[in-house]
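Encoded as structure tokens, the structure appears first; notes follow it.
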Amino acid sequence: MSTVADDEPPANASDTHDGSWFGKHQKGAWIAAGATVVAALIAALVPVVASSGDDKDTGAGPAVAPTPSPAASTSGSAPTSTPVSSQTPSPGPSPSAAPAGSQLWRGALLLSTEAKDLDAVPPEPVGYADQGDVYMLYDNEMSGWNGTLIAQWTGTGNLPGPQDCSNVVGALGSRDKVKLSKTTVLCVRTSGRNIARLKVSALGDGGGLDSRATFDAVVWKAG
1 MSTVADDEPP ANASDTHDGS WFGKHQKGAW IAAGATVVAA LIAALVPVVA
51 SSGDDKDTGA GPAVAPTPSP AASTSGSAPT STPVSSQTPS PGPSPSAAPA
101 GSQLWRGALL LSTEAKDLDA VPPEPVGYAD QGDVYMLYDN EMSGWNGTLI
151 AQWTGTGNLP GPQDCSNVVG ALGSRDKVKL SKTTVLCVRT SGRNIARLKV
201 SALGDGGGLD SRATFDAVVW KAG
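Counting from 1, position 83 in the sequence shown corresponds to residue 83 in full-length UniProt numbering; the numbering is continuous, with no gaps.
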């Protein structure tokens with residue numbers, strides 16, 4: 001009986017064997033599953049961490065290339081030049097366009113035996129042509145030409161103005177020759193009917209062929 005009893009396997013022998021083998025394999029399976037979950041969590045966390053680092057790097061905004069200043073962009077260009085106007089300056093008003101009574105010319109007038117045109121600005125020599133107004137004779141005498149009238153101013157005080165000379169020429173003007181002295185003041189109505197005042201400033205010796213006189217002269221536009 002004892003032998004039979006010894007040969008019989010224990011009642012829970014298979015349970016013990018099966019439980020020991022299953023327990024080992026079940027434990028290995030859980031370990032593998034746990035490792036897989038951890039690996040998955042790590043793989044999921046890596047992009048999040050990387051993304052967080054990228055956000056910090058780009059927080060300052062994208063870099064902007066500097067815009068060149070106008071001076072730098074044009075430093076290599078040729079300098080520009082201001083165009084020169086080709087417009088011809090307009091000439092000054094002609095004596096005929098001046099208002100009545102205005103001064104046409106003033107200055108030193110040197111008179112010789114060659115007639116001068118007092119209507120020109122400045123007066124110019126014209127010889128004995130029809131445009132001449134006054135000229136010198138021998139012995140310090142002066143005469144008019146081409147319808148010019150001359151009158152000697154005898155007033156005292158200030159020198160005559162344009163209206164004074166116009167009045168005295170209208171009353172006493174003639175074509176006769178006038179004897180000059182160092183104090184002579186003449187009023188003249190020119191061939192162009194302008195008014196001139198001639199005050200002697202220097203006289204020649206009156207002899208020979210070189211008869212000259214210098215005047216402080218003013219010519220006004222006819223009124």
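Quick reminder that beta carbons are idealized off the backbone N, C-alpha and C, glycines included.
No experiment lies behind these values; they were computed from the predicted model shown.
| Item | Value |
| --- | --- |
| Leu198: which of Gly101, Pro99, Arg106 sits nearest, CA to CA? | Arg106 |
| Alpha carbon to alpha carbon, what distance is there between Tyr138 and Asp117? | 20 Å |
| Whose C-alpha, out of Gly132, Tyr135, Gln152, is nearest the C-alpha of Leu172? | Gln152 |
| Is Ala202 helix, strand or coil by DSSP? | strand |
| Identify, in the order they occur along the chain, each residue of the same chain with its Cβ nearer than 6 Å to the Cβ of Gly223, setting aside the five sequence neighbours on each side. | Ala100, Gly101 |
| Alpha carbon to alpha carbon, how far is residue 255 from Ala98? | Nothing about residue 255 can be reported from this structure: the residues present for the chain run from 1 to 223 only. |
| Do Gly147 and Ser174 have their CB atoms nearer than 7 Å? | no |
| Taking 7 Å as the cut-off, decide whether the C-beta atoms of Thr214 and Leu110 are in contact. | yes |
| Round the Cβ separation of Arg189 and Leu159 to the nearest angstrom and send it over; I've been treating them as touching at under 8 Å. | The Cβ separation is near 17 Å, so there is no contact. |
| Taking the alpha helix (DSSP H) that Gln152 falls in, what are its first and last residues? | Premise fails: Gln152 lies in the beta strand (DSSP E), 149–152, not in any alpha helix (DSSP H). |
| Check whether the Cβ atoms of Trp220 and Gln131 lie closer than 7 Å to each other. | no |
| Need the endpoints of the alpha helix (DSSP H) that Val169 sits in, please. | 162–172 |
| Please report how far the alpha carbon of residue 231 lies from the alpha carbon of Ser143, in whole angstroms. | Examination of residue 231 is not possible in this model, given that the chain is present from 1 through 223 alone. |
| Take Thr113 as the anchor and find which of Thr154, Val126, Ala196, Cys165 has the nearest alpha-carbon. | Val126 |
| I'd like the list of long-range same chain contacts for Arg212, defined as Cβ closer than 6 Å, with 5 residues on each side in sequence excluded. | Ser112, Gly204 |
| Round the Cβ separation of Val200 and Cys187 to the nearest angstrom and send it over; I've been treating them as touching at under 8 Å. | With 8 Å as the limit, Val200 and Cys187 do not qualify as a contact, their Cβ atoms being about 13 Å apart. |
| With a threshold of 6 Å on Cβ separation, who are the neighbours of Val185 within its own chain once the five nearest residues in sequence on each side are excluded? | Trp153, Lys199 |
| Only counting the same chain, and skipping five residues up and downstream in sequence, which positions put a Cβ closer than 6 Å to that of Ser166? | Ile195 |
| Which of helix, strand or coil does DSSP assign to Val178? | strand |
| Provide the residue span of the beta strand (DSSP E) that contains Ser143, from first to last. | 141–144 |
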